[in-house]
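The numbering of the sequence shown is this note's numbering, which starts it at -9 and goes up by one. Yeah, the Cβ is synthetic: ideal placement off N, Cα and C, and Gly gets one too. Structure first, commentary second.
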Amino acid sequence: MNTVMIATTPGREQWLAQCLASLKGHPAVVLSDPNTYELGKIKWMLDNTTVDRFLFLHDSVVVKDVKFFDLVFSYPKSVAISPDPNKFGMYMGVFHRNTLNKVGVPDVKTKEDAIYHEIHWCNKYCSAEDVPVLFSDFTDYTAKKTEMVFGRKNLVLENDYLIKYKGTWHSPVHGGGPPEKKPNRRR
-9 MNTVMIATTP GREQWLAQCL ASLKGHPAVV LSDPNTYELG KIKWMLDNTT VDRFLFLHDS
51 VVVKDVKFFD LVFSYPKSVA ISPDPNKFGM YMGVFHRNTL NKVGVPDVKT KEDAIYHEIH
111 WCNKYCSAED VPVLFSDFTD YTAKKTEMVF GRKNLVLEND YLIKYKGTWH SPVHGGGPPE
171 KKPNRRR
């Protein structure tokens, strides 16, 4: 079964509605809480489901073409959507249960921990499995614009399949993203 998991937090109902509408009826598991960050949601999927693989997306993603699901699930195990700042940048991609069991999923208590593990845990995951990258140019550095969405300035990562609105970023062209307004706010 090709499972899609959408990560969100309370107060982001507009983002979630936009994301879910873009799935065009593709089923998704929505996980919402203010304190577990990305790895907490990944751990929840590992501990509370039996799915072999699942696609992790943020609520700030819009699927432009549902052929994306066939493409991303055509890989036999894991696949990262972006290589920025490393494979599984933004934690987005398909995670494989066997690899998750091998590397474990750390408990994350702060946004700083989540940012740290975006590099270090994702590198550990990719050391346990040879993970391809689906879109090598889906990066902060190749983004062409910023846009106000739901009252937030965003860097817009976009290709034929996806749009990802990022509230924090690092780009020499667009500068850094605005500081987050609340410590628990998702990106």
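- Message: How far does the beta strand (DSSP E) with ASN48 in it extend, from its first residue to its last?
- Response: Looking at the sequence provided, one finds His at residue 48 rather than Asn. Here the beta strand (DSSP E) through HIS48 covers 43 to 48.
- Would you call the stretch 92 to 112 and the stretch 134 to 145 in contact, with 3 or more CB pairs under 8 Å? no
- Item | Residues bridged to GLU148 [DSSP beta-bridge criterion] | ILE153
- Take ASN38 as the anchor and find which of ARG2, VAL53, ALA11, MET(-5) has the nearest alpha-carbon. MET(-5)
- Message: Between which residues of its own chain and VAL41 is the CB-CB distance below 8 Å, once the five residues before and five after are set aside?
- Response: MET(-9), THR(-7), MET35, ARG87
- GLY83 bridges to which residues according to DSSP? PHE46, ALA70
- Query: In terms of residue numbering, what span does the alpha helix (DSSP H) encompassing SER64 cover?
  - Reply: Unbroken run through SER64: none, as it is neither H nor E.
- Task: Write down the C-beta distance between VAL84 and VAL62 rounded to the nearest angstrom, noting that I regard them as a contact closer than 8 Å.
- Result: 6 Å
- Query: What does a CB cutoff of less than 7 Å around ASP150 pick up in its chain, not counting 5 residues either side in sequence?
  - Reply: LYS54, ASP55
- Query: Does DSSP put HIS187 in a helix, a strand or coil?
  - Reply: Not covered by the structure: residue 187. The range shown for the chain is -9 to 177.
- Query: Quick one: is PRO173 buried, meaning 16 or more other Cβ sit within 10 Å of its Cβ, or exposed?
  - Reply: Bear in mind that the predicted position of PRO173 carries a pLDDT of just 41, short of 50, making it too unreliable to give a figure here.
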